[in-house]
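According to the numbering used here, the sequence shown holds residues 19 to 314 in order. For reference, the structure is listed below as structure tokens.
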Amino acid sequence: MKRKLEITELIFKVISYTCLTVFALCCLYPFVYAISASISGREAVEYSRVVLFPQQLQFDAFSRMFNDSMFWNAYTNTLFLTFYGTIWALFFSILGGYALSKKRLLFRRFFNFFLVFTMWFSAGIVPQYLNYLDTRDVFNAMGITDDKWLVVIAMGMAAMNIILLRNAFEGVPSDIEEAAIVDGATEMQVLTKVYIPMSKSTIATVALFFAISRWNGYFWARQMIQNSNEHPLQVFIRLRLEEYTDPEIMAGWNESYASDSVIYALIVCSIVPILVIYPFIQKYFAKGVNVGGVKE
């Protein structure tokens with residue numbers, strides 16, 4: 019039999035659900051507006067007539083974007099950075115988290131403190147940029163001229179994610195590890211056969227963090243990638259935005275759609291992959307953060 023809610027509980031629930039609904043709508047509205055503006059006519063966009071639903075329906079902005087070879091090139095570069103960047107960062111994060119979770123590790127406290135210290139204080143943008151320039155020189159000396167690899171390798175560490183994995187590994191019962199060692203498992207087998215399968219939720223969560231970071235990466239990609247053919251999608255969108263807001267370039271614009279519609283179309287296409295992937299790993303997300311974020 020259900021318990022009857024008290025008046026204070028009822029008021030609290032009504033206020034909570036109302037606030038959450040308003041917050042969700044505020045988060046959803048920019049995406050809905052971007053879709054509407056991308057398929058609305060030029061006059062409707064330029065005169066701010068688009069509020070929620072599209073006006074003067076057209077799909078020419080998407081057609082222009084899809085016919086742009088630079089768009090597909092940027093999309094390919096973003097997929098490259100996201101795929102290899104996530105694998106690279108996840109590989110070292112798992113190794114680092116596993117090592118730091120072991121009490122037998124020499125200087126364990128020092129390494130843990132040093133890791134957390136980087137979250138409190140950083141060298142700054144300029145020293146970091148100079149460090150990346152030195153790394154580029156090393157790459158060039160090795161014959162690696164593709165700056166995308168520089169972004170992949172240079173952005174391969176995140177202290178917070180290593181801590182999440184460390185805490186998740188510390189939550190694995192030591193009895194299971196001891197049983198595996200008795201059966202003759204090596205250190206790498208213990209990691210791959212025991213710890214990783216028992217920490218799938220946290221690993222999936224960390225992989226999502228890395229993937230979103232690489233997919234949305236703009237600043238360092240713009241600074242470190244010199245070749246325009248290697249620019250990822252976010253840099254490409256920014257360059258197109260600069261182009262479409264230049265009065266001299268846009269003086270002869272006579273299309274049936276606004277230049278802003280193309281930008282909105284680019285934004286929509288840059289968000290869709292994350293929206294498609296997220297539902298498949300959503301079930302791991304809350305569990306992974308709770309397991310990795312709270313040390314038992």
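From the three backbone atoms N, C-alpha and C, an ideal C-beta is built for every residue, glycine too.
Between phenylalanine 135 and the set Met178, Arg154, Gly161, the nearest pair of CA atoms involves Met178. Within its own chain, the residues whose Cβ lies closer than 6 angstroms to the Cβ of valine 208, once the five positions on either side in sequence are excluded, are Glu195, Ala198, listed in chain order. When DSSP assignments are scanned along the stretch 130 to 212, the uninterrupted stretches of alpha helix (DSSP H) that are 4 or more residues long and fall wholly within it turn out to be 143 to 159, 165 to 172, 177 to 188, 192 to 200, 205 to 208. Residue environment for glutamine 252: buried (at least 16 other C-beta atoms within 10 angstroms of its C-beta). The shortest CA-to-CA distance from leucine 70 to any of Cys44, Ser246, Val32 is the one to Cys44.
When the five nearest sequence neighbours on each side are left out, the beta carbons in the same chain lying within less than 7 angstroms of the beta carbon of glycine 59 are those of Gln73, Gln74, Gln76, Ser274, Tyr275, in order along the chain. Relative to alanine 79, the option among Phe98, Met206, Ser279, Val286 whose CA is nearest is Ser279. In this chain, the alpha helix (DSSP H) harbouring tyrosine 262 covers 251 to 262.
In the displayed model, leucine 99 falls within a helix according to three-state DSSP. When rounded, the separation of the alpha-carbon atoms in glycine 114 and tyrosine 282 is 40 angstroms. Note that the C-beta distance between arginine 154 and leucine 168 is below 7 angstroms. In this structure, the CA atom of methionine 268 is about 12 angstroms from the CA atom of arginine 258. Pairwise C-beta distances place the stretch 46 to 58 out of contact with the stretch 209 to 216, as fewer than three of them are shorter than 8 angstroms.
Around the C-beta of isoleucine 25, fewer than 16 other C-beta atoms lie within 10 Å, and the residue is accordingly described as exposed. The straight-line gap separating the alpha-carbon atoms of serine 246 and arginine 240 is approximately 9 angstroms. Contact check for valine 170 against tyrosine 93 fails: the beta carbons are separated by 7 angstroms or more.
Around the beta-carbon of isoleucine 180, 16 or more other beta-carbon atoms lie within 10 Å, marking it buried. CA-to-CA, the gap between asparagine 149 and methionine 173 works out to about 12 angstroms.
Looking at the backbone, the Cα of leucine 123 and that of alanine 225 are separated by about 25 angstroms.
In the DSSP annotation of this structure, the continuous segment of the alpha helix (DSSP H) that includes leucine 28 starts and ends at 25 to 56. Comparing C-alpha distances from phenylalanine 49 to each of Phe298, Ile295, Leu284 shows the shortest one belongs to Leu284. Here lysine 218 carries a helix assignment [DSSP, helix/strand/coil]. Using a Cβ distance threshold of 7 angstroms, methionine 242 and aspartate 165 count as a contacting pair.
If you compare the alpha carbons of Leu99, Ile295, Ile255, Glu260 with that of aspartate 86, the shortest gap goes to Ile255. Straight through space, the alpha carbons of asparagine 272 and phenylalanine 228 are spaced by roughly 41 angstroms. Contact annotation, tryptophan 233 with threonine 96: C-beta distance approximately 6 angstroms; criterion of less than 8 angstroms satisfied.
Tyrosine 116 sits buried, since 16 or more C-beta atoms from the chains shown fall within 10 Å of its C-beta. Across the set Val290, Thr263, Ile295, Ser288, the C-alpha of Thr263 shows the shortest separation from the C-alpha of glutamate 64. In terms of CA proximity to methionine 137, Ala176 leads the group Ala176, Pro265, Ala159. Leucine 151 and leucine 99 have their C-alpha atoms roughly 19 angstroms apart.
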